[in-house]
Structures are given as C-alpha cells and as structure tokens.
Amino acid sequence: MMTLSSSHQRPIDTATLLNIFPNCSIIQEDYVPQSLNNDLNHIIEFINYGLSHEIRDQPNNRVKQALKSLFSNNMGGKLLDIYIDMIRQKVCHNNGGDDDHDDHDGDDDSSSIVSTVRTIGLNKDKFLHIAKQLQFNYIQIQIFERSCNSVFQTIIQKNNYLSNQISNLFKNKLFSKNDGKEDLLIIKSTLQYIGLKQHMNEIIINVSINYIYNFINHNFGSRWEEPSMNILANWSSSVLYPTLTNFITSDEFNIEILNQLVKNELVKLRTKEAFDIIVDYPDSLATLKELKYCITTQKQRQHLVNTFIDSCNKRLLHAGANTIDIIKCYLSTIKSFLIIDPRGVLLDKVCRPIRSYLKDRDDTIEKIVHGLLDDSEDNELNDLAQELRNSNDYITPKIDDLNDLNWTPDPIDALPDFRKGNDLIESLISIFDSKDIFISEFMDVFCSDLLNLTDYNVTDALLKLELLKLRFGEREFNSLDVMVKDLIESKRIDHTIHLELDERNKDNGIFHSTVLSYLYWPNGAKSEEEFVLPTQLNNIFTNYCSHFEKLKQGRKLKLFSNKGNVELDLEFDDNRKFTFNVSPDKASIIHLFSSKEQENIKELSIDEIMNELQMSELLAKRAIAFWIKNQILLETKSGHYKILNSLDELSEKEKVGGTINNYYSTEVGIKADAEEEAVKLKYWPFIEGMLKNLGNMELTKIHSFLKMVVPKDNGNGYNLSEKQLKEYLDNEVKVEIDGNGYKLAKR
Amino acid sequence: MKLTIKRWHAVTSWYWDILNDELCGICRVSFDGTCPVCKYPGDECPLVIGECQHAFHMHCILKWLETDTSKGLCPMCRQAFKMNGGSDILTNSAAENDNNQNNNLGENTAEIVMER
Ligand SMILES: [Zn+2]
Ligand SMILES: [Zn+2]
Ligand SMILES: [Zn+2]
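Chains Z and Y supply the protein sequences, listed in that same order.
Sequential numbering of the first sequence, starting at 80, is according to the working numbering.
Sequential numbering of the second sequence, starting at 10, is according to the working numbering.
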C-alpha cells in the first residue's frame with residue numbers, strides 16, 4: 080500500500096537533490112551563498128520530517144528564520160519547485176511497486192481500494208498543510224495544489240488496476256439496494272478533491288449506461304408487443320435520477336439528459352434485435368413506432384441499417400432459406416422501415432441486398448405470382464393477394480404530401496426509387512427489370528386454374544385478370560384474355576350442344592368440354608401423354624364433335640385425352656360403393672376392365688392394357704397403381720390385374736388396410752388422385768437427382784435424404800413415412816429394385 | 010363391378026379444317042390465330058376459301074382486295090378471287106363481327122363467311 084512515511088529513508092539535502100535531479104535549476108544554475116544553502120537544508124530537513132511523520136509540528140525558530148531569509152532573497156519560487164519535486168519523488172517512489180495486484184481479486188479489495196483512495200486524500204491534506212507552513216503565498220499554494228493533483232491523477236489514471244477497481248466498485252454498488260454507498264461517496268469526493276471530477280463523472284456515466292442497458296435488456300429484451308418508454312421514463316426519474324444526483328456533480332446533468340441516455344440504450348438494444356423485430360411484424364408494431372421516436376442521430380440510423388443488413392446476410396440471404404420466407408421478410412422490412420423512417424431513406428438502403436438476392440433466385444417470380452393469385456388461406460403471401468384485391472386504390476396514386484404538415488423534403492441521399500416501398504406489389508415487381516417475365520408465370524397459373532374448372536365459372540379469373548391489368552398494363556394480357564374468353568365461349572357452345580343432344584342416348588349427356596384456342600395457351604395446357612379412348616367413351620366424344628362442327632362450320636375439335644376430369648361411381652357385389660374424380664387415363668383403364676368383364680374376360684395383362692388404349696407403360700402403371708391402392712384392382716401375378724370384386728379375395732393382412740380405405744375412399748378418394756400426383760411430382764426430381772448421382776440407394780437413405788433436401792415451402796415439405804415412400808418407389812416405374820436398394824430404371 | 014360415368018369434363022381444342030396450308034398466305038400467321046387486327050381468334054376472325062382453294066383470314070383477303078394493286082386477284086395464284094361456297098353459310102354472328110371489325114365488306118361478303 081502506498082504510504083508516505085518510510086523510516087529507512089535518508090533526509091534529503093542539496094547534494095542528494097543534485098544527485099537525483101541533475102537538471103534541478105536552483106542547484107545548478109545559480110550560485111547559492113553558503114548561508115542560504117544552510118537555510119535551505121534546514122527547511123528541507125523540516126519538510127522531510129513532516130513528510131515522514133504523522134505529527135504536524137510547527138516549524139521551529141531556525142526554520143522560520145531560514146524561510147524568512149529565503150523569501151527575502153526571492154527564493155520562494157525555488158523552494159516551491161524543490162518541494163514539488165520532493166512530493167513527486169516521494170509519491171512515485173512509494174507507489175512504484177503497486178502494480179502487481181492484478182492477479183487477485185477478492186472481496187477485501189473493496190475496502191482496500193477505499194483505503195488507498197482515502198490515503199491519497201489524507202496525503203494531499205498533509206502536503207497542503209506543510210505548504211501552508213512554508214508560508215507560500217496564495218498563488219504559490221494554487222500552483223502547488225495543481226502540481227500535487229497532477230501527481231495523484233497520474234497514479235490513478237496510469238494504474239489500470241486501480242481505475243478498473245474503482246469502476247468495478249461503482250458497477251457493483253452504485254445501483255445496488257444494499258448499503259455501501261459511503262465507500263462510493265468517499266471515492267467520489269476524493270477524486271473530486273484531486274481534480275478528477277470529470278473522470279469520476281465518466282466512470283459513473285459509463286456504469287449507468289451499462290446498468291441501463293442491462294435493465295432494458297432484462298425487462299424488455301425480445302418483448303415487442305408493448306411500448307416500453309413510459310415505464311422506462313418512470314424508472315429513470317424515480318430510481319436512476321435520485322441515485323445519480325448524489326454522485327454526478329455537474330450543471331449539465333439533468334433528467335432530460337438521463338432520459339436521453341435511456342433512449343439511446345433502448346435504441347442500442349432494438350438495433351441489435353432489429354432482424355427479429357422485423358420478422359415479428361406486425362406483432363412488433365409498438366416497438367417499431369417507439370424506435371422511430373427514440374432514434375435521433377444519423378449515427379444510430381447508420382448503425383441500425385448496417386446491423387440489419389448484417390443479420391439479413393447471415394440469417395436470410397443464403398441457400399438454406401426458402402423463397403417465401405425471404406419475400407415475407409422483404410415485405411415486413413418494407414412495412415417496418417417505413418414506420419421507423421417514413422421518408423424511405425433507410426428502407427432504400429436495407430432493401431437493396433434483399434432485392435438483389437431475390438432477383439437471382441429462380442423461383443421468386445413463381446412465388447410472387449402464386450402469392451398474388453392464391454385466395455386460399457394457405458397462401459403464405461396472403462398480403463399480396465389482399466393488396467391485389469384492393470388494387471382499385473392503386474389507379475390514383477396518392478398525393479398525400481400536399482396535405483401532410485409533417486412533410487419533409489426528400490433528403491439528398493435518397494435515391495429516385497426509394498418511394499417504391501409504399502406499394503408492396505410494385506416494390507416486388509420492380510425487383511425485376513421487366514414486367515414481361517411475370518406474364519408467362521401468370522399464364523401458367525391461369526392455365527392450371529382454368530383447366531381445373533368443370534363449371535365454366537370464370538368470375539374469379541376475370542376479376543383477377545382485371546386487377547392484374549391495373550398493375551402490369553393491359554398490353555401484355557392478350558393471351559390471358561383469349562384464355563378466359565375460351566372458357567366463356569366453351570360454356571356457350573356446351574350449352575347449345577346439350578340443347579340439341581339426342582335425348583335417347585343418355586351417355587352423350589355426360590360429356591362437357593373446355594374448348595381451347597390452343598395457340599394462346601401455354602405448353603402446360605397440352606397433354607404430353609395421349610392415348611386412345613375405349614370405344615364407348617370415344618363415341619361420346621365424336622358425337623359431341625359432330626355437334627360442334629355443325630355449330631362452328633369449318634372447324635373441328637381435337638381431344639387432349641389425358642386432360643380433364645371424370646366423375647364415376649363404382650359398385651361392387653359386396654356392397655362397396657365409391658365415387659371417384661379421376662383423370663381420363665384412370666377412367667379409361669377402369670372402363671376397359673369393366674367392359675372386358677362383361678365379355679367375361681376377368682384378367683388383363685399390362686401389355687393388353689397398353690395395347691388396347693395405346694397408352695405408355697408409365698401412364699398405364701401409374702393408373703393401375705392408383706386403382707390397386709384404392710382396392711379396385713388386384714394384381715394376380717406380376718403384370719396381370721383383375722377387378723377386386725370382393726374384399727374376401729384379399730389376404731387377411733391386406734383386408735385390415737382395406738376396411739380403412741373403404742371408409743375414406745368415398746369421402747377423400749375424390750381429391751386423392753390429384754394430390755397424390757402432386758406429391759410424387761414434388762419429390763421425384765430429388766429422387767431422380769440422387770439416384771443419378773449415386774446409382775443405387777437404400778430406402779432408409781433416400782428417406783433421410785428427402786427429409787433434408789425437400790424445401791419446406793407452404794408447410795408441405797417432405798412428409799411421407801418410410802413405409803409410404805417404399806410404396807411409392809415400388810409403384811414408380813421410373814425406378815427399379817436393385818439388391819437392397821433402388822436405382823433408376825433403364826428406359 | 011358396376012361402373013357409372015356420371016360426368017366427363019374434357020379438354021379439347023378447336024382448329025380450322027384446312028387441307029393445304031397452316032398459315033394465312035397474306036399475314037403469315039396461323040389460321041388458328043388471328044389477322045393482325047383482331048384480338049380473338051375463331052368467331053371474330055373467320056377464314057374464307059376461294060374457288061382456287063386458297064384460304065385466308067377473311068380480314069386479310071378483304072383488305073388485300075381493297076387495294077388497287079390486287080386487281081381482284083388471289084395473291085397466291087393470281088386467279089380472280091371468287092368465294093367458294095353459297096349464301097347458306099352466312100351467320101348472324103359474322104354479320105355482327107363485321108361491324109365490330111370496321112371493315113368495308115363488299116356486297117357479296119355474306120357468301121364467303123365460313124360461319125354458321
Ligand atoms: Zn391473315
Ligand atoms: Zn381479323
Ligand atoms: Zn388462289
């Protein structure tokens with residue numbers, strides 16, 4: 080510990096002084112008469128005694144006389160220099176070895192710090208007392224005190240251990256409910272005493288800022304539904320401020336400054352949380368509004384922008400994130416940043432990386448288009464569909480600016496397109512240089528929607544088409560207009576034909592058709608896998624054709640045999656009854672079995688089926704697999720099938736499944752077909768890719784691979800059980816069993 | 010097993026039953042598409058076949074015949090262009106379309122329209 084009394088120390092005389100301070104002016108430059116030199120030695124002896132003892136003796140007469148003699152010879156200034164040097168030397172000497180404290184860190188430190196600091200105060204008292212005894216004048220005393228302060232300041236500021244200990248002490252005790260504030264007050268007043276008021280204030284402010292941040296983080300971190308500023312302001316004025324006024328002595332410190340500190344720390348926390356806050360939108364609305372009000376400086380804005388972009392890059396803009404999530408986040412970013420900064424300057428900055436990332440993603444347009452057109456509740460980008468529906472507002476761009484008193488001029492660093500964020504759809508479209516690329520996507524979606532219609536009802540399609548035209552301009556929608564009009568015209572034709580139908584042939588009444596102007600439909604409209612209908616079905620179609628040809632002279636109809644939808648009932652001797660909605664290939668196959676049964680042919684081979692219907696093996700096997708799964712057909716031996724007329728024909732094990740199937744086929748079976756197909760289409764590219772690369776894979780491996788790689792878009796990622804996967808693979812003609820695993824079939 | 014097909018909603022496409030060409034000799038667009046003026050194919054942009062068996066979008070050949078250079082000849086074979094067929098193939102809808110299309114149809118246009 081630092082003490083100034085050391086019994087081993089020799090008193091200092093001028094010779095020693097010269098030794099220690101070779102440049103010391105009084106000794107070197109001037110000739111000092113012997114008598115004055117003696118006086119000086121007396122005084123130095125007096126000082127040394129004073130410095131080494133606690134007892135404060137008055138100077139004796141000899142010293143008084145020496146002082147008188149010195150001052151009358153104008154050597155007061157020199158004596159002051161000598162005294163200051165002595166102090167410096169003494170303090171530095173005694174304090175030199177104190178740096179080796181850094182290793183231990185015990186509870187005692189608190190009291191040892193306090194006593195160290197207290198000693199500094201006491202020493203300054205002593206030094207000042209001696210100075211006064213030396214009869215320096217007012218100005219000299221001031222000079223001495225300043226020098227003395229700077230010696231002590233050096234000790235505290237240059238000694239990391241000490242200043243850290245002081246900071247820690249304040250950190251632990253300043254806001255604690257326990258006692259111990261006396262220690263802090265001693266330290267605070269001592270530091271002020273030696274001229275470290277500013278330093279002390281800084282320590283306190285830093286400790287406070289830290290404390291405020293932790294408090295906010297603890298109470299409001301990750302909580303964004305409610306505003307926090309009211310509670311914080313209350314806390315600040317009732318808890319923080321009263322504590323701090325005891326320690327901070329400054330005219331510049333007041334409650335407003337404290338509240339600003341609190342706001343800054345809130346901004347710091349919210350900036351750190353920015354990405355999650357924005358993902359949480361609109362639940363985080365309160366926090367966003369509060370942030371707008373709390374964020375005040377350019378530096379804070381810049382920090383918010385940088386932090387958010389960083390998080391985007393780390394957490395969103397990478398291959399593992401799915402496109403819908405990125406679009407959702409982009410939309411939330413737009414809405415959120417317009418709340419924080421309605422001028423859109425910040426938005427423009429944070430949008431850029433997301434926009435350029437979306438631009439490079441293959442499926443962005445597809446997802447946007449589905450988001451716009453899908454009215455169902457499953458639509459994860461429902462905001463887009465909603466906004467499209469409200470598009471009528473869009474025709475007249477709002478000119479709010481003129482009426483808005485809070486209008487601020489566009490800042491110079493704002494870029495021309497920064498207002499694009501005001502309209503979500505526009506801000507997504509504008510990611511891409513041309514609107515044209517959306518059109519073909521629209522056509523695909525309309526194509527599949529329109530082809531799924533069996534009631535010719537285009538009200539919904541027409542509405543969407545009009546809304547899209549408002550956004551994308553009329554010009555590009557020619558084909559879509561023709562497509563929708565085809566449906567309207569088809570309905571008219573169908574109605575007319577049905578009026579003229581020969582009532583005697585009931586069969587003809589079941590047929591309806593959507594008639595396409597094929598040049599205007601995307602490729603998806605054309606069926607890839609054509610086949611020949613069973614005669615009875617084909618007759619129904621030809622009959623319809625002849626009516627069409629009469630109605631539209633010079634024109635004929637071509638059937639897309641594999642498109643469309645057939646609704647059929649199946650009844651069995653064992654009272655099973657089913658209704659199915661299936662594609663024409665499946666209808667044709669079951670029709671083939673049914674008519675062969677009437678000719679007493681019970682069993683058909685795959686080759687016979689392919690031959691009768693001119694159907695590809697792939698299509699035929701898929702359809703057969705569907706009927707087997709629904710327990711309508713039964714495989715008798717490899718590649719041979721028959722109608723399953725009674726469940727008794729099944730083995731016991733199959734029967735159990737059978738009753739379950741029986742139960743839901745009537746209900747769910749209607750949709751099952753389309754869904755099953757969709758599922759297979761979804762997984763097939765992944766399976767094909769894996770098998771292509773790896774040759775042969777075991778079921779378990781394929782299963783776990785799919786779990787990893789199939790994107791979880793729309794909540795329908797890979798969700799088959801291993802058993803379902805096996806069933807699918809066993810029925811999939813494009814793969815074949817190879818040892819313990821599967822490989823791609825040779826074609 | 011008893012199979013009852015209750016409803017069959019098929020997808021078909023229409024096409025002009027033209028033997029020789031697929032493209033209109035004047036505008037080089039498929040017959041199943043439209044002339045350069047029309048938006049909707051089929052009813053609104055019908056075809057005509059001349060006695061020479063050359064077929065055109067009706068609007069294309071009418072426009073051609075109006076020009077001085079045509080001299081009333083078929084642009085493909087340079088024979089006088091005469092409509093193939095009789096007045097029985099005029100339709101009301103075609104007459105309506107004429108108005109819509111803002112074409113100055115000649116007196117005998119009615120005879121050339123291949124619509125009901
Ligand atoms: Zn033409
Ligand atoms: Zn035309
Ligand atoms: Zn000709």
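Every residue, glycine too, gets a C-beta built ideally from N, C-alpha and C.
The structure presented is a predicted model; accordingly, all values stated were derived computationally and were not measured.
Among the options, which has the Cα closest to the Cα of residue i?
i	options	result
residue 663/Z	655/Z, 678/Z, 647/Z and 652/Z	647/Z
residue 67/Y	77/Y, 80/Y, 50/Y and 78/Y	50/Y
residue 314/Z	300/Z, 549/Z, 334/Z and 200/Z	334/Z
residue 837/Z	573/Z, 283/Z, 396/Z and 285/Z	The requested residue 837/Z is not part of the displayed model; chain Z covers only 80 to 826.
residue 445/Z	466/Z, 391/Z, 507/Z and 412/Z	507/Z
residue 116/Z	157/Z, 140/Z, 139/Z and 132/Z	157/Z
residue 366/Z	413/Z, 399/Z and 418/Z	418/Z
residue 544/Z	615/Z, 573/Z, 510/Z and 464/Z	464/Z
residue 532/Z	565/Z, 150/Z, 729/Z and 505/Z	565/Z
residue 242/Z	320/Z, 266/Z, 522/Z and 633/Z	266/Z
residue 766/Z	813/Z, 593/Z, 720/Z and 207/Z	813/Z
residue 416/Z	666/Z, 404/Z, 429/Z and 278/Z	429/Z
residue 724/Z	638/Z, 384/Z and 654/Z	654/Z
residue 371/Z	350/Z, 385/Z and 358/Z	350/Z
residue 426/Z	393/Z, 399/Z and 387/Z	387/Z
residue 558/Z	530/Z, 597/Z and 613/Z	597/Z
residue 525/Z	255/Z, 537/Z and 515/Z	537/Z
List, in order along the chain, the chain Z residues whose C-beta lies closer than 8 Å to that of residue i?
i	result
residue 87/Y	Residues of chain Z passing the Cβ test: none, with the nearest at roughly 25 Å.
residue 46/Y	Going along chain Z, no residue has its Cβ under 8 Å from residue 46/Y, so there is no contact; the nearest lies around 13 Å.
residue 30/Y	Under the 8 Å cutoff, chain Z gives no residues; its nearest Cβ is about 14 Å from residue 30/Y.
When you compare only the Cα positions, how much space is there between residue i and residue j?
i	j	result
residue 35/Y	residue 58/Y	13 Å
residue 438/Z	residue 539/Z	30 Å
residue 520/Z	residue 512/Z	16 Å
residue 352/Z	residue 308/Z	17 Å
residue 722/Z	residue 699/Z	15 Å
residue 323/Z	residue 375/Z	24 Å
residue 697/Z	residue 23/Y	28 Å
residue 644/Z	residue 43/Y	30 Å
residue 424/Z	residue 379/Z	14 Å
residue 820/Z	residue 717/Z	20 Å
residue 807/Z	residue 33/Y	49 Å
residue 750/Z	residue 776/Z	Its pLDDT being 42, under 50, residue 750/Z is placed unreliably in this model, and the coordinates cannot settle the point.
residue 11/Y	residue 575/Z	31 Å
residue 30/Y	residue 635/Z	16 Å
residue 787/Z	residue 412/Z	29 Å
residue 815/Z	residue 825/Z	9 Å
residue 680/Z	residue 762/Z	37 Å
Compute every distance between the C-beta of residue i and the non-hydrogen atoms of ligand 4, then say whether any falls below 6 Å.
i	result
residue 85/Y	Judged by which ligands are present, ligand 4 is missing from the structure shown, whose ligands are ligand 1, ligand 2 and ligand 3.
Which residues in the same chain as residue i place their Cβ atom closer than 6 Å to its Cβ, once the five residues preceding and following it in sequence are excluded?
i	result
residue 129/Z	209
residue 369/Z	306 and 308
residue 311/Z	341
residue 685/Z	718
At 9 Å on the CB atoms, spell out the chain Z contacts of residue i, in chain order.
i	result
residue 50/Y	561, 596, 598 and 599
residue 15/Y	589, 645, 646, 647, 648 and 658
residue 59/Y	None at all; the shortest Cβ gap to chain Z is about 14 Å.
Between which residues of its own chain and residue i is the CB-CB distance below 7 Å, once the five residues before and five after are set aside?
i	result
residue 273/Z	199, 203, 228, 231 and 232
residue 20/Y	none
residue 736/Z	Caution applies to residue 736/Z, whose pLDDT of 47 falls short of 50 and renders its modelled position unreliable; the value that the coordinates give is listed next. Once the five neighbours on either side are set aside, residue 736/Z has no close Cβ partner at all.
residue 193/Z	262, 265 and 266
residue 478/Z	Its pLDDT being 41, under 50, residue 478/Z is placed unreliably by the model, and nothing is read from it.
Excluding the 5 residues flanking residue i on each side, which residues of the same chain have their C-beta closer than 8 Å to its C-beta?
i	result
residue 327/Z	280, 283 and 284
residue 420/Z	371, 380 and 426
Would you verify that the beta carbon of residue i is, or is not, closer than 7 Å to some beta carbon of chain C?
i	result
residue 558/Z	Annotation note: the requested chain C is absent from the structure, which comprises protein chains Z and Y.
Can you list the residues of chain Z that residue i reaches, using a CB-CB cut of under 7 Å?
i	result
residue 35/Y	Here the premise fails: no neighbours, minimum Cβ distance about 18 Å.
residue 42/Y	598
What does residue i touch in chain Y if you count any residue whose Cβ is under 9 Å from its own?
i	result
residue 670/Z	12 and 14
residue 431/Z	Per Cβ cutoff of 9 Å: no residues; residue 431/Z is ~40 Å from chain Y at best.
residue 635/Z	23, 24, 25 and 26
I want to verify the contact list: residues of chain Y whose CB lies under 7 Å from the CB of residue i, in sequence order.
i	result
residue 533/Z	18
Whose Cβ in chain Y lies nearer than 8 Å to the Cβ of residue i?
i	result
residue 724/Z	10
Task: Residues near ligand 2, criterion Cβ-heavy atom distance below 6 Å - done: 43/Y, 44/Y, 46/Y, 47/Y, 54/Y, 66/Y and 68/Y
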